[in-house]
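In this text, residue positions in the sequence shown follow our numbering: the first is 472, and each later residue adds one.
Read the structure below first, then the notes.
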Amino acid sequence: VNWSDLNIDGEMRLLEEALQAADRKSDTSMVRTIGFQLVSLYEAPQNADKIQDLITISKKYAGEKWDILTYRSIIKQFTWENELDSMLKYTKLAVESVRGQNNSLEYGLMRSYVEDLNLSGRSGEALTVLRD
């Protein structure tokens, strides 16, 4: 597909069709890859229903042990929906999943989580997270 010849709506439509095909085939890898691409195209509030559907599909294919790509996709979807509690919940879970690795991923997630808590007026919780 030559993406440069398509507008955003055309790109979304093709990706949505590909997502449906991958879902029918239960192709976890493709569902997750396409879902991650779609979430970067969707805009709230006009795509709110599509974002909710994508959250459901993302959770379905995430499996029992989520990787960072899954967490980031879910977090971004909840951010677009302005569902701060859910966004913070999954950011916290992402932080917990990498805690103790002492790498840039852990520190980046911690920084994002603390910033999100501060922006949502919950800076007291940020201190608790940093102490842990």
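We treat Cβ as the ideally placed atom computed from N, Cα and C, and that holds for glycine.
Note that this is a predicted model, so its numbers are computed, not measured.
| Item | Value |
| --- | --- |
| The alpha helix (DSSP H) that contains residue 579, what's its start and end? | 575-590 |
| On a CA-only basis, which of 555, 480, 562 is nearest residue 578? Give me that one, please. | 562 |
| Would you please state the rounded distance, in angstroms, between the beta carbons of residue 569 and residue 576? I believe it to be under 8 Å. | 6 Å |
| Tell me, please, whether the segment 509-521 touches the segment 494-501 by the rule of three or more beta-carbon pairs shorter than 8 Å. | no |
| Decide if residue 590 is buried, meaning its Cβ has at least 16 other Cβ atoms within 10 Å, or exposed. | exposed |
| Here's a check: name, in chain order, each residue in its chain whose Cβ is nearer than 8 Å to the Cβ of residue 676, leaving out the five neighbours to either side. | With the chain covering 472 to 603 only, the question about residue 676 has no answer from this structure. |
| If we count the other Cβ atoms within 10 Å of its Cβ and call it buried at 16 or more, is residue 564 buried or exposed? | exposed |
| Measure how close the beta-carbons of residue 544 and residue 566 come, nearest whole angstrom, since I'm counting them as under 8 Å. | No, residue 544 and residue 566 are not in contact; Cβ-Cβ is about 16 Å, not under 8 Å. |
| Taking the alpha carbon of residue 466 as the reference point, which residue from 593, 507, 524, 553 has its own alpha carbon closest? | Residue 466 falls outside the range modelled here, since the chain spans only 472 to 603, and no answer is possible. |
| Residue 512 and residue 482 look like a contact to me (Cβ under 8 Å); what is the Cβ gap, rounded to whole Å? | 6 Å |
| Using the rule of at least 16 other Cβ atoms within 10 Å of the residue's Cβ for burial, across every protein chain shown, is residue 497 buried or exposed? | exposed |
| Going by DSSP in three states, residue 514 sits in which element: helix, strand or coil? | coil |
| What three-state label does DSSP hand residue 488 in the structure shown? | helix |
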